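Worksheet for the structure shown next.
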Amino acid sequence: MPQLSGPTDPAADARWPDVKPRKGFFTDTSICIGCKACEVACKEWNHNPRDGDLELLGSSYDNSGALGASTWRHVAFIEQKRDRIEEARDTGRTLIDLGMPQVGPPASTTPDESPVPNESPVPDTPEFRWLMSSDVCKHCTHAGCLDVCPTGALFRTEFGTVVVQADVCNGCGTCVAGCPFGVVERRTDGTAAPKTDRGERKGEQPDVPNLGVAQKCTLCYDRLLDDQVPACAKTCPTTSIKFGDREEMVALAKERVGLLHAQGRTEARLYGANELDGVGGTGSVFLLLDEPEVYGLPPDPRVPTADLPRMFRRAGLAAAGMAAAALLSFIGGRS
Amino acid sequence: MTEFDSTRPPEPLVPRQRQRQRQRQRRGQAGPAGADGSREMPMVPEPEFTSYYGRPVIKPAPWGHEIAAYLFLGGLAGGSAALAAGAQLTGRETLRRNCRLAALASVGLGTVALVNDLGRPERFLNMLRVFKPTSPMNLGSWILSAFSMGAGVAAAAEVDRMTGARLPLGRLRRVLRAAEGPAGLQAAVFGPPLAVYTAVLLADTSTPTWNEARDELPFVFVSSASLAAAGLAMVTTPTAQTAPARRLAVMGVIGDLAATRVMGRRMDPVAAEPLHRGRSGTLLRLSEALAVAGGIGTLLSGRRRGVAVAAGLSLVAASALTRFGVFEAGIHSARDPRYTIEPQKRRLAARRAAGVTDDSITTAG
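Chains as they are written, first to last, in the working numbering: chain A, 1 to 335; chain B, 336 to 700.
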């Protein structure tokens with residue numbers, strides 16, 4: 001049985017004979033401009049159909065809504081006013097004060113003591129800000145989707161990533177519930193479970209491939225095999241999406257967050273870089289500028305399978321109880 | 336917002352907007368509400384938690400009510416096989432026959448429901464292409480297969496007897512007769528696992544209400560399975576042979592009530608909310624009432640068949656409602672980001688307060 005929680009090298013844990021260095025993304029949201037080129041490149045390379053009708057969600061510039069079966073990169077868009085910026089700066093400072101492991105120059109406790117006050121090279125307005133973040137599958141060290149897949153359709157690649165074999169998956173949907181990040185989804189043609197009330201599908205559309213099976217980001221497994229960079233990272237015009245060996249990505253992320261802290265931007269924080277977290281660290285590391293839930297990310301995800309041994313023990317106890325009750329009911333008297 | 340915005344009258348809302356509006360207010364969504372004049376001003380003050388436009392953080396399992404039905408039918412089948420084995424060993428022939436038939440019928444219907452709910456039903460056999468202990472769905476498929484084999488042979492023997500040995504079996508009849516006893520016991524061995532694995536299947540997900548219920552859900556499910564199978568036996572079988580079923584029913588009701596109570600109390604209050612509120616809450620309350628009524632009816636029925644049948648039906652219905660209630664509570668908890676974010680924030684804060692600061696997914700560096 002593979003390791004269910006804690007730090008590990010997932011590809012080696014999956015007993016790959018020739019383990020490659022673990023690959024991952026570092027998505028630096030502080031330089032994302034929300035252009036959505038990653039969403040487009042991903043759709044094009046992976047032949048992903050549009051999901052549902054082209055509809056304006058009416059909440060922000062984000063109209064793809066969330067990650068899903070046919071949306072493997074999703075750019076979140078949030079507008080915040082001054083109070084929320086200050087709140088984010090405060091929560092970030094609390095995080096720094098917790099004495100978490102840090103690389104780079106120690107952050108100042110107040111923005112006033114910042115080594116470069118008011119000289120931030122990042123253009124910033126005090127009144128409001130736009131947060132943009134390109135979300136993607138986390139390729140967890142301990143992947144909830146992979147653990148619960150009953151067919152073996154989901155597998156761990158030699159690069160430490162998690163990929164669905166569309167020709168094996170029978171669409172049972174367990175992985176959808178297993179993912180702590182809401183990434184993987186069963187693909188419908190948009191009519192079986194329409195995303196909108198409007199119902200009708202407009203315009204001509206090509207046939208939807210891989211109907212009824214689970215679909216999610218493959219970290220462009222096909223491209224990795226040819227030593228190519230994933231489509232989203234390749235196309236990102238600001239290098240907000242960086243791709244490489246996970247170790248390098250984490251080092252880069254720590255360096256970057258240290259730099260931002262040195263500039264007094266205490267709201268900057270990393271997401272997924274800690275291998276002691278509930279999923280053993282993620283392959284896709286993010287630099288966020290506010291609490292994770294603001295971006296639609298879970299604040300404390302935990303792979304459900306980490307508790308599986310305990311669940312099995314409880315279930316074994318319950319099953320034994322049921323057998324005992326049945327036995328008791330037959331020997332409890334003769335009639 | 337300008338000073339003119341404050342005098343702008345609230346615009347009439349179409350239902351969908353209103354729903355979104357309500358969600359945003361309840362969740363305290365920070366947004367430009369009111370500023371563009373297209374929405375009402377927020378009436379509820381500051382957020383207790385934030386989410387991304389009220390959208391779910393995790394995805395609900397794409398399961399229809401077939402799965403809820405399967406939770407019920409699998410339990411019914413497992414319990415019936417256990418009763419059938421008891422009857423087999425104590426020589427209660429009618430009870431044995433009826434329970435064997437009930438086990439096969441319910442596991443058959445349940446399997447159809449299960450396969451039907453797959454995104455690719457024609458690939459259902461892929462469930463058995465690996466043996467994977469980390470996947471409750473995979474283990475369950477193996478349990479279901481082993482159970483069905485036993486239940487099928489045992490029930491086939493009963494059908495053969497009922498039809499006066501008219502099944503075209505030839506020499507296989509002797510094999511069937513020899514195999515039915517062991518087959519019945521095989522089904523009984525896999526009966527409790529069949530009834531309980533679905534609890535692990537639900538608990539081993541990121542669906543907040545199911546995952547939070549992980550410690551008690553197995554006990555709720557086996558109790559529910561026991562009382563359902565016992566109830567069905569009371570309906571199908573004359574009272575002369577159902578004394579064990581009545582005892583099992585009472586034990587099941589007591590276990591069900593106790594486990595449900597403990598579960599509701601021990602869980603995170605927010606994650607437990609769908610078990611008490613809304614449609615799922617109603618289903619579970621109704622289930623509890625029916626279980627109590629069925630339990631009392633069972634105790635009072637004695638040799639009166641009519642009362643026993645009514646009590647039995649009430650128990651079967653109670654079990655079905657428990658499964659549908661738990662199923663819907665989980666789906667509901669996945670659709671609302673509140674059930675994901677609030678318990679997670681709370682447990683993170685609790686760990687930090689206890690001095691554990693190294694296991695957060697969010698780090699300062």
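Virtual Cβ for every residue (Gly too), placed ideally from N, Cα, C.
For clarity, every value in this text was computed on a predicted model and none was experimentally measured.
At 3 residues or longer, and completely inside the stretch 116 to 155 of chain A: list those beta strand (DSSP E) runs for me, N to C.
128 to 136
Can you tell me the Cα-Cα spacing of A/Thr218 and B/Thr698, whole angstroms?
26 Å
So, under 8 Å CB-CB, B/Gly613 and B/Val585 are touching, yes? Tell me the CB distance rounded to an integer number of Å.
Not quite, the Cβ-Cβ distance comes to about 30 Å (not below 8 Å), so this is no contact.
Could you tell me the distance, in whole angstroms, from the CA atom of A/Arg256 to the CA atom of A/Ala88?
18 Å
Ignore the nearest five residues each way along the sequence and tell me which others in B/Gln423's own chain have a CB closer than 6 Å to its CB.
Arg431 and Gly519
Could you tell me which uninterrupted beta strand (DSSP E) segments, each at least 3 residues in length, are contained entirely in the stretch 217 to 293 of chain A, listed from first to last along the chain?
241 to 245, 269 to 271 and 284 to 288
Contact list for B/Ser561 against chain A, beta-carbon separation under 8 Å:
Met322, Ala325 and Ala326
Mind listing which residues of the stretch 295 to 310 of chain A have their C-beta closer than 9 Å to chain B's C-betas, in chain order?
Tyr295, Gly296, Leu297, Pro298, Pro299, Asp300, Pro301, Arg302, Val303, Pro304, Thr305, Asp307, Leu308 and Arg310
Measuring only between beta-carbons, confirm whether B/Gly454 sits less than 8 Å from chain A.
yes
Distance CB(A/Val279)-CB(A/Cys137) smaller than 8 Å
Not a contact, by the Cβ cut-off of 8 Å.
Give me the subset of the stretch 236 to 257 of chain A whose CB atoms are less than 8 Å from a CB atom of chain B, sorted by chain position.
Lys254 and Val257
Here's a check: name, in chain order, each residue in its chain whose Cβ is nearer than 8 Å to the Cβ of A/Val103, leaving out the five neighbours to either side.
Low local confidence applies: a pLDDT of 46 at A/Val103 is under 50, so the model's placement there is unreliable, with the coordinate-based value given in what follows. Hits under 8 Å: Ala251, Lys254, Glu255 and Gly258.
Whose C-alpha, out of A/Ala166, A/Leu154 and A/Thr188, is nearest the C-alpha of A/Cys179?
A/Leu154
When the Cα atoms are used, what is the spatial distance from A/Pro301 to B/Leu439?
40 Å
Cβ closer than 8 Å: which chain A residues qualify as neighbours of B/Ala396?
Gly173, Thr174, Val176 and Ala177
So, is B/Arg501 buried or exposed, given that buried needs 16 or more other C-beta atoms within 10 angstroms?
exposed
Using a Cβ cut-off of 8 Å (strictly closer), state whether B/Ala500 contacts chain A.
It does not: the Cβ of B/Ala500 has no partner Cβ on chain A nearer than 8 Å.
Hey, is B/Arg357's beta-carbon within less than 8 Å of any beta-carbon in chain A?
Per-residue confidence for B/Arg357 stands at a pLDDT of 45, beneath the threshold of 50, marking its modelled position as unreliable; no derived number is given.
Sort B/Ala685, B/Leu411, B/Gly426 and B/Ser649 by Cα distance to B/Pro528 and report the nearest one.
B/Leu411
Could you list which residues in chain A have their beta carbon closer than 8 Å to that of B/Ile676, in chain order?
Glu293, Pro298 and Pro299
Within chain B, the residues that A/Met1 reaches when beta carbons sit closer than 9 Å
Pro468 and Thr469
Residues of chain A with CB closer than 7 Å to the CB of B/Leu683, please, in chain order.
Listed by position along chain A, the residues whose Cβ is nearer than 7 Å to that of B/Leu683 are Pro299 and Asp300.
Work out the CA separation of A/Arg156 and A/Asp18 for me, nearest whole Å.
13 Å
Could one say the Cβ of A/Leu56 lies closer than 8 Å to chain B's Cβ atoms, at least one of them?
So no, A/Leu56 is outside the interface.
Relative to the alpha-carbon of A/Val303, which residue among A/Asp135, A/Gly281 and A/Asp62 has its alpha-carbon at the smallest distance?
A/Gly281
Supposed contact pair A/Ala214 and A/Arg186 - C-beta distance, whole angstroms, cut 8 Å:
6 Å
Between the stretch 143 to 158 of chain A and chain B, which residues of the former have CB atoms less than 7 Å from a CB of the latter, in chain order?
Gly144, Asp147, Val148, Cys149, Pro150, Thr151 and Gly152
Helix, strand or coil: which one does DSSP assign to A/Val176?
helix
What first and last residue would you give for the alpha helix (DSSP H) that runs through B/Val488?
Pro471 to Met497
DSSP bridge partner residues for A/Ile381 (one or two, in chain order):
The structure shown has nothing for residue 381 of chain A, since chain A only spans 1 to 335.
Over what stretch of residues does the alpha helix (DSSP H) that includes A/Gly24 continue unbroken?
A/Gly24 -> not in any alpha helix (DSSP H); beta strand (DSSP E) instead, spanning Lys23 to Asp28.
Roughly how many whole angstroms lie between the Cα atoms of B/Ala437 and B/Leu474?
Per the coordinates, the alpha-carbon of B/Ala437 lies some 23 Å from the alpha-carbon of B/Leu474.
Exposure label - B/Ile393; buried when at least 16 CB within 10 Å:
buried
Straight-line gap, B/Ala514 to B/Met484 (C-alpha atoms, nearest Å)
11 Å
Rounded to the nearest angstrom, what separates B/Val510 and B/Leu463 at their Cα positions?
Distance between B/Val510 and B/Leu463, taken at the CA atoms: about 27 Å.
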